Amino acid sequence: MTDADTYDCETCGASVAVADARRSEPFGDLDPDTWQTLNCPHCGDRLATVFVGDE
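Just so we're aligned: 646 in the numbering used here is position 3 of the sequence shown, and the numbers increase by one with no gaps anywhere.
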């Protein structure tokens, strides 16, 4: 796994693999079919909003 496949949660300090993150719809006007928000499975904080349009 590369560093690009993990995110560090600023709230609880966990290192979370993309595959383990909970996914939710993005905030704002972003298309949920193209963008998703990754959330920490430990505390629920937002880790990143990622482009998934090619999936």
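Beta carbons are placed, not taken as given, at the ideal position from N, Cα and C, and that holds for glycine. Since the model is a prediction, treat every value here as computed from it, not as a measurement.
Three-state secondary structure (DSSP) of V661 = In the sequence shown, counting from the first residue as 1, residue 661 sits at position 18. It is helical.
To the nearest whole angstrom, what separates the beta carbons of D673 and C683, a pair I think is in contact under 8 Å?
-> The residue labelled residue 673 in the question sits at position 30 within the sequence shown. The residue labelled residue 683 in the question sits at position 40 within the sequence shown. According to the sequence displayed, residue 673 carries Leu and not Asp. Actually they are not in contact, since the Cβ atoms of L673 and C683 sit about 20 Å apart, beyond 8 Å.
Please classify A664: is it buried, with 16 or more other beta-carbons within 10 angstroms of its beta-carbon, or exposed?
-> In the sequence shown, the residue the question calls residue 664 occupies position 21. It is buried - the Cβ of A664 has at least 16 other Cβ atoms within 10 Å.
For the putative contact between S658 and D651, defined by C-beta atoms under 8 Å, what is the C-beta separation to the nearest angstrom?
-> By one-based count along the sequence shown, residue 658 stands at place 15. By one-based count along the sequence shown, residue 651 stands at place 8. Indeed they touch by this definition, with Cβ atoms about 5 Å apart.
Let me know the secondary structure DSSP gives D688 once reduced to three states.
-> As a position in the sequence shown, residue 688 is number 45, starting the count at 1. It is coil, neither helix nor strand.
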